[in-house]
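Position 329 of the sequence shown, counting from 1, maps to 327 under this note's numbering, and the rest follow consecutively.
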Amino acid sequence: LQADGLMLAVWNSVAQRWELQDGTTATALDALAGTEHVRPLSVVVEVEQPEVNGAGFQQPEQLGEFGFDLRGRAALETTFARDPDIRLDFLTVPFALETPRIADEDDDDAQTAETLDIARELLGAAAVDSLLEVPVTSADRQRVLTARRQMLVLSGGSDGNLPSAHSYEGNESDFHDYVNDPLQEPKNGLLALESVEDISIVAAPGYSAVYLSEDDQDRVLATHGAVISHCERMKYRIAVLDSPPNQLVSGALGFRNLRSSKYGAIYYPWVVVANPQASGRLKLPPSGFVAGIYARNDIERAVYKAPANEVVRLAIDFEQRLNKAQQEALNPNGVNCFRFFEGRGYLLWGARTISDDPEWKYVNLRRYFAYLERTIDVGTQWVVFEPNGPQLWDNVRRTVEDFLYNEWRQGALLGSKPEEAYFVRCDRSTMTPNDLDNGRLVCLIGVSPVRPAEFVIFRIGQWTATATA
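Structure representation (structure tokens):
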């Protein structure tokens, strides 16, 4: 029952189906006058999520009681719509229902007509057809509701449409509950990450899964570019990229050559894991594993250590086992490989970016410089609005030198003494009169970072019988 009217469930004997009609019309009011009982039709929805291992279901969670009147705040169809208007519903409602309509979109008088097919599916045909026979009073409401309870196991659905490149890029929200409130307007996709400062790794696992489909190649490439462009724009981030599945070595090389950037790294092949919810195996995109290895390497070792020669946890195989010759063809061209080594297990065996600039060919070098820049930037914010003179310059220089000295002591910088590892200049030689007039403090910093040892070279000599002492 709604404030502005009533929806009536009417049996259409011609069409042989139940229909919802606007109860405020004259015809409906006449029918209502002769009705002994008015019973609003509603559905109490409970959801039981499957267990992680696929064995059974978790405890039921009640989502609420919902009606069929589209004008109601708790309307079944609008609450469980594929694209709800309210952001909270979009984030929290666990499934979507799609109902057949009999209304003509161009016929205003027929807009309120709706089939009860969804009620038959949810409650069972017998329960719907017997609604008029079972009056419900407050005393026996719970008993009757329990008798009408029907269990519906959702099956035959889908995970929804594949997100478009535009969805990855992000766009301003169009949820109606944020209209005229731009400060609180939610963002989505990569756009939502721009306001979060403490992000250094960006990945979109699985975006390349449908690359072999000609209809989806443009979408995959656009998403590929969007993730890289986001990291380039944000400056302190790196994109962990997936190679497409089911690719030969030549295919992986071709995909890598589509884009060059010092802010991205690509990984090949896909990783095979045990299916946690059923028997068998799953092939998963590499970027999720690599992002975890980055984070683990940062914590257990350091940012400056190359995130390679690391165990791929949960891996039971790779989509393709690469040999040394294939590795040597891929690695110099910026394709980081997963390798299996007898006695050592499944390892990540590469740490190069997809940059054509040799100065930025290593992932750890790019990430370490981002770490240095970000740390120094944040650590010198105290100078803002201080008098821009020699005393301030000396303080800034000492602050940066102390930080870089600790980095050198930890082994991040190359050199037998600090003077060989870094330099810091902040004086009149680094600032022009125009800089001083416009309130700019410019500090020049140089560092000599440690680079990874990709190749171990041994020189082996043997003494011959003719050698003299």
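No residue lacks a Cβ here, since even glycine has one placed at the ideal position from N, Cα and C.
Query	Result
Which residue from Q325, N362, F287, Q275 puts its Cα closest to that of R299?	N362
Looking at C-beta atoms only, is the number of pairs between the stretch 325 to 332 and the stretch 376 to 394 that lie closer than 8 Å three or more?	no
Could you check if F339 is buried or exposed, using at least 16 other CB atoms within 10 Å of its CB as the buried criterion?	exposed
Grouping DSSP H, G and I as helix and E and B as strand, with all else coil, what is D107?	Confidence at D107 is low in this model, with a pLDDT of 41, below 50, so its placement is unreliable and the value that follows should be read with caution. If DSSP states are grouped into helix, strand and coil, D107 belongs with the helices.
Taking the straight line between their C-alpha atoms, what separation do you get for R279 and D83?	38 Å
Just the Cα atoms here: how many angstroms apart are R350 and F55?	44 Å
Helix, strand or coil: which one does DSSP assign to V12?	coil
Rounded to the nearest angstrom, what separates V218 and R235 at their Cα positions?	21 Å
Per DSSP, I264 forms a beta bridge with which residues?	L239, V333
Looking at C-beta atoms only, is the number of pairs between the stretch 202 to 220 and the stretch 290 to 306 that lie closer than 8 Å three or more?	no
When the Cα of V448 is compared with those of P243, G409, E192, which residue comes out closest?	G409
Quick check: A344 and F316, are their CB atoms within less than 9 Å of each other?	Rather than Ala, the amino acid found at residue 344 in this sequence is Tyr. Contact flag set, yes.
Helix, strand or coil: which one does DSSP assign to Y360?	strand
Run through DSSP, which three-state label would F401 get?	helix
By how many angstroms is the C-alpha of D240 removed from the C-alpha of Y166?	15 Å
Provide the residue span of the alpha helix (DSSP H) that contains F93, from first to last.	Counting along the chain, F93 falls outside any alpha helix (DSSP H), and DSSP gives it neither H nor E.
G348: buried (16+ other C-beta within 10 angstroms of its C-beta) or exposed?	buried
Report yes or no: do the stretch 222 to 231 and the stretch 244 to 259 share at least 3 C-beta pairs separated by less than 8 Å?	yes
Express the C-alpha separation of V247 and Q318 in angstroms, rounding to a whole number.	10 Å
I need the straight-line Cα distance from M429 to V440, nearest angstrom please.	6 Å
Looking only at its own chain, which residues have a Cβ that is under 8 Å from the Cβ of E49, when we skip the five neighbours before and after it?	F55, Q56
Can you look up A201 in the DSSP assignment and give me helix, strand or coil?	strand
Determine the DSSP secondary structure at L320, reduced to helix, strand or coil.	coil
Tell me whether I443 sits in a helix, a strand or coil according to DSSP, three-state version.	strand
To which residues of the same chain is L204 closer than 6 Å at the C-beta, ignoring the five residues directly before and after it?	At residue 204 the sequence reads Gly, which differs from the Leu that was named. For G204, where only same-chain residues beyond five positions count, the Cβ hits under 6 Å are P283.
What does the Cβ neighbour count give for P243, buried or exposed, with the cut at 16 atoms within 10 Å?	buried
Could you compute how far the alpha carbon of S11 sits from the alpha carbon of S206?	52 Å
Tell me the rounded alpha-carbon separation between A13 and F93.	30 Å
Can you name, in chain order, every residue of its own chain whose Cβ lies under 6 Å from the Cβ of E308, other than the five neighbours on each side?	I291, L346
Which residues bound the beta strand (DSSP E) around F55?	Run containing F55: none; DSSP gives neither H nor E here.
For F253, which three-state DSSP category applies?	helix
Per DSSP, which one or two residues make a beta bridge with I352?	S259
DSSP state of A304, grouped into three classes?	coil
How far does the beta strand (DSSP E) with S40 in it reach, from first residue to last?	40 to 45
Once you ignore the five residues that flank L312 on each side, which residues in its own chain have a CB closer than 7 Å to its CB?	V271
Can you tell which of T77, D196, A190 has the C-alpha that lies nearest to the C-alpha of R372?	D196
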